[in-house]
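Have a look at the structure below before the remarks.
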Amino acid sequence: MRDTKLFDLIEKEKIRQTEGIELIASENYASEDVMAAAGSILTNKYAEGLPGKRYYGGCVVVDEIEDLCRERLKKLFDASWVNVQPHSGAQANAAVMLALLNPGDKILGFDLAHGGHLTHGSPVNYSGKIYRPFFYGVKKEDGYIDYDSLEKTATKEKPKLIICGASSYSRDWDYKKIREVADSVGALVLADIAHPSGLISRGLLNDPLDYCHVVTSTTHKTLRGPRGGIIMMRNDFENPFGIKTPKGILRKVSSLLDSGVFPGTQGGPLEHIIGAKAVAFKEALSDKYLEYVVQVKKNANTMSKEFVKRDYNIISGGTENHLMLIDLRNKNITGKEAEENLGMADITINKNMVPFDTESPFVTSGMRVGTAAITTRGMEEDDMKKIVDFIDRVICDTGEIEAVRKEINEWANNFPLHK
Ligand code: DSN
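Following this note's numbering, the numbering of the sequence shown begins with -5 at its first residue and continues without gaps.
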């Protein structure tokens, strides 16, 4: 008998996703084909190992699927080596660090409180517990990455790994500069492009694979695939630190990274998700996807200008990618209150720490918004102006919540999740 309780809840979530406005910068709507592959019989298969080198029988077909996925990803990012098995971005980063570092090694990452990520050395995460983290941040005066402080800390501490990439930074990265610093202190560079990877894949932002030794990403944000992670390199290279594995010293970094994923941090790969990643990468290679990412960027730009017009304080003053971080202190509302009030109007955002925040991470002074999901629904520049108006009405006057919610529920019907 069908589990009606669970499937009714899925239906309820579908209505929530359809009737509201989704502005969480890390979310998107995967295509029906991506979801069909993710929900397919591939979930039944165990396939520890890599295509052609598995620890289970019956892997002939999943080998073909994983190879197809790898080839499409290589083409999308012009990479020479990839691993498509990480279950998430956090798993991908864990695999890279396990492969390239020893416990206690120093790492230098972008401060979580300035827009970085937990897995880049936060003391509450494995990355900050197993390794010795140091951080760089943004400049107080303009909200841009402080490359001078990055260089100073790198020169003083000599980390083995410098991590770039962010969860809430709206500007592009100077990967060349970071590589120069890394070379000067003998460090490797990991770029975690989980957020902007879709824009990078189609040349709309600087290419980290040119300069960073290893690049990780999630597959479900701007890339619009299933929830998951990937690891990539444009150029393989020799094991730089003589790192040992139980098999002895592996000569190539690609072999170290493969073993960092399995058996290092994961068991059996999720072949249904790898199948769904293959579908998403094919979609991302299409002309339609290029139009999509161009529109994501245009929408974010329009939205940020509209916020600025209404005296919202966007960190760094604007955006070059799909998201923006807004300091709400001049609006006399915390991030937590904004998230709750907007949520009641069916506008989903997330509260977010802003650089040099005076509130706790649970309350925060800011909110983060992104345009990846709403652009998938076909929204364009004029719609961004309308959304900022909805947000502003709720933020300035809680008495508007109910009226805004009704208008949004009706308006959102014009934008189906899938065409
Ligand atoms: N939770 C992701 C985000 O929202 O950016 C990062 O892991």
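The C-beta atom is built at its ideal place from N, Cα and C for all residues, glycine as well. These figures come from a predicted structure and were not determined experimentally.
Distances from the CA of N22 to each of D377, E375, D383, A367 were compared; the closest alpha carbon is that of A367. Taking all protein chains in view, the Cβ of T313 is crowded by 16 or more other Cβ atoms within 10 Å, so the residue is classified as buried. Our two residues, I35 and H266, have alpha carbons roughly 7 Å apart in a direct line. Judged by DSSP in its simplified three-state form, K47 adopts strand. The beta strand (DSSP E) runs of length 3 or more contained entirely in the stretch 155 to 232 are, from start to end of the chain, 155 to 158, 182 to 186, 208 to 212, 223 to 227. Of the candidates K47, G131, E374, V287, G131 places its Cα closest to the Cα of L102.
Looking at L94, G110, A84, G137, the one whose alpha-carbon comes closest to that of Y120 is A84.
If you check the CB distance, D252 and N87 do not come in under 8 Å. Judged by DSSP secondary structure, G131 falls outside any alpha helix (DSSP H); it is assigned neither H nor E. Secondary structure within the stretch 79 to 105: the alpha helix (DSSP H) runs of 4 or more consecutive residues, fully enclosed, are 83 to 94 (chain order). The C-beta separation of T365 from H316 comes to about 5 Å, placing the pair in contact by the 8 Å criterion. Summarising the contact set, residues whose Cβ lies nearer than 5 Å to any heavy atom of the ligand DSN are, in chain order, S20, S161. Across the structure, E5 and R218 are spaced so that their CA atoms are roughly 21 Å apart. When the beta-carbon positions are compared, I395 and M338 come within less than 8 Å of each other. In this structure the stretch 61 to 73 does not lie against the stretch 112 to 128, because fewer than three pairs of beta carbons, one per stretch, are closer than 8 Å. W167 and R228 have their C-alpha atoms spaced approximately 18 Å apart.
For G364, the enclosing beta strand (DSSP E) starts and ends at 360 to 364.
A residue is called buried when at least 16 other Cβ atoms come within 10 angstroms of its Cβ; E60 meets this threshold and is buried. Here DSSP, grouped into helix, strand and coil, assigns G258 to helix.
Checking the DSSP bridge columns, you'll see N346 partnered with G360. For M318, the enclosing beta strand (DSSP E) covers residues 317 to 321.
In this structure, I327 keeps its C-beta atom at 8 Å or more from the C-beta atom of L319. In the structure shown, the three-state DSSP call for I341 is strand.
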